[in-house]
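Chemist: In my numbering, the protein residues as written are 1 to 222.
Okay, structure coming up:
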């Protein structure tokens, strides 16, 4: 596969106070209202990159460095590829007893050239602490997950996640319009025991999501 473009995805959950969240991890009353989609205009930089910023995330799409496929090869490609960076709710782990876990996932609806992902679990209160995970990467796949777990002794507390990823899409695609962003709620209280089990019921759902879309180069102006 020829690689052509790079997109650097940075997402950080802002350290904001808990609003309407329950200690058992249940949904905040305003969680659904917070999940509306925002469109983010990009800012062009002198190095040719385009940077998208929100209160909680930043995505930089780097310029192409490889030639595009031939017209025949291009016509066989999917019209577009979208990639999500999901920073999920921290939770009491169901897989490793005695731990509080946080997860981030990059998922695309087509195979990316390469994906790299770093994740940190952050305790916002009672005192701010961050635990980082080693970076992970793969090539020619459409999904990558990273996580960080800490001992239950780190809780109870209010936790959130922070993720940084890099995506190289396959050749023949270019950035299509603005990024989109969804915030599903504030940082949540997490503890072990019964509280942790309750908090983990929706652990695979995002606390926030940032999406970039690439369109096939020959369709970009159509």
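All residues carry an ideal CB built from backbone N, CA and C; glycine is no exception.
Remember, it's a predicted structure, so these values are computed and weren't measured experimentally.
Which stretch, first to last residue, makes up the alpha helix (DSSP H) that contains residue 75?
Modeler: Element bounds for residue 75: 71-75.
Chemist: Give me the Cα-Cα distance between residue 139 and residue 115, rounded to the nearest whole angstrom.
Modeler: Each residue's alpha carbon lies about 6 Å from the other.
Chemist: Going by the beta-carbon positions, is the gap between residue 173 and residue 143 smaller than 9 Å?
Modeler: The answer is no: Cβ separation not under 9 Å.
Chemist: When the Cα atoms are used, what is the spatial distance from residue 136 to residue 73?
Modeler: If you take the alpha carbons of residue 136 and residue 73, they lie about 31 Å apart.
Chemist: How many angstroms separate the CA atom of residue 156 from the CA atom of residue 189?
Modeler: Their Cα atoms are separated by approximately 7 Å.
Chemist: In three-state terms, what does DSSP make of residue 154?
Modeler: The answer is helix: DSSP assigns residue 154 an H, G or I state.
Chemist: Return the chain-ordered list of same chain residues with a C-beta closer than 7 Å to the C-beta of residue 67, the five sequence neighbours on each side being excluded.
Modeler: None.
Chemist: Relative to the alpha-carbon of residue 117, which residue among 58, 134, 79 has its alpha-carbon at the smallest distance?
Modeler: When each option's Cα is compared against that of residue 117, the closest is 134.
Chemist: What did DSSP end up calling residue 217 once you bin it into helix, strand or coil?
Modeler: If DSSP states are grouped into helix, strand and coil, residue 217 belongs with the helices.
Chemist: DSSP three-state call for residue 205: helix, strand or coil?
Modeler: Three-state result, residue 205: coil.
Chemist: My guess is that residue 149 and residue 99 are in contact by the Cβ rule of under 8 Å, so how many angstroms apart are they, rounded?
Modeler: With a Cβ gap of about 4 Å, residue 149 and residue 99 count as contacting.
Chemist: Note down the Cα distance separating residue 185 from residue 206, rounded to an integer number of angstroms.
Modeler: Taking the straight line joining both Cα atoms gives about 9 Å.
Chemist: Going along the chain, which residues of its own chain have a beta-carbon closer than 7 Å to the beta-carbon of residue 110, five neighbours each way excluded?
Modeler: Once the five neighbours on either side are set aside, the close Cβ partners of residue 110 are 78, 81, 142.
Chemist: Please report the distance separating the alpha-carbon of residue 47 from that of residue 94.
Modeler: Approximately 45 Å, taken between the alpha carbons.
Chemist: Under the three-state reduction of DSSP, which class applies to residue 83: helix, strand or coil?
Modeler: Looking at residue 83 - three-state DSSP - the assignment turns out to be strand.
Chemist: By DSSP, does residue 89 sit in helix, in strand, or in coil?
Modeler: Residue 89 falls in the coil class under three-state DSSP.
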